[in-house]
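Below is one structure, written out as structure tokens; comments come after it.
Laid out in structure tokens, this is it:
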């Protein structure tokens, strides 16, 4: 199991009762867009290290809860809302599918998400099947769904280690499969005997008619 036991440092796990549609401003992946002031073209950058949320992965590998996620983001005000783009880095932990030893894999993914101002959903995506996320009250946006989608898609479905089992696997693949010395079917025994006797005869000898 790739989850880290215990409480993530700096994360308040108590349940907060928030009004519907509101976000917790203290949540690690909730960002404030207040400085942009609804002015298209206004931009700011953000570099931050936050604890990873729970269940950030798949069954065999994932980013442990509470481990570091490094955010390198750009927040830009556009006509329809706020465009958040950038890079997220972390480390995934899992098990090798062959020998079950621990596997660690650096993860670096690009994220890009448009958060629409309430009532200003872009026309070109209004009929799209994807959910349109909005800027929440307090000028807050929740980047967790976008980060989760990007990281899960990047994870290998069959993680493998670089240890001895990898070498053994490559050797096993390169070696030809053993050939059975026994005939596949007893009914071919007579034919096999003729073939064996032919192999024992001197090469190049041919019976003259």
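Residue numbers (full-length UniProt numbering): 1 to 209. Here a beta-carbon is modelled for each residue, glycine too, at the ideal position from N, C-alpha and C.
Q. How far does the alpha helix (DSSP H) with residue 147 in it reach, from first residue to last?
A. Start and end: 144-154.
**Q.** Backbone secondary structure at residue 139 - three-state DSSP
**A.** Correct three-state label for residue 139: coil.
Q) Just to confirm, are residue 33 and residue 147 a CB contact at a threshold of 8 Å? A) No, Cβ-Cβ distance for residue 33 and residue 147 is not below 8 Å.
Q | Backbone secondary structure at residue 194 - three-state DSSP | A | Helix.
Q) Could you give the distance in angstroms between the alpha-carbon of residue 153 and the alpha-carbon of residue 41? A) Going from the Cα of residue 153 to the Cα of residue 41 covers about 31 Å.
Q: Would you kindly check if the distance between the Cβ of residue 87 and the Cβ of residue 69 is under 8 Å?
A: Not a contact, by the Cβ cut-off of 8 Å.
**Q.** Range covered by the beta strand (DSSP E) that runs through residue 87
**A.** Note, residue 87: beta strand (DSSP E), 81-95.
Q: Please classify residue 115: is it buried, with 16 or more other beta-carbons within 10 angstroms of its beta-carbon, or exposed?
A: So residue 115 ends up on the buried side.
Q | residue 36, DSSP secondary structure in three states | A | Three-state DSSP puts residue 36 in a helix.
Q) With burial defined as no fewer than 16 other Cβ atoms inside 10 Å of the residue's Cβ, what is the status of residue 55: buried or exposed? A) Label assigned to residue 55: exposed.
Q) Are residue 210 and residue 144 close, meaning C-beta to C-beta below 8 Å? A) Outside the displayed range of the chain (1 to 209) lies residue 210, so it cannot be described from this structure.
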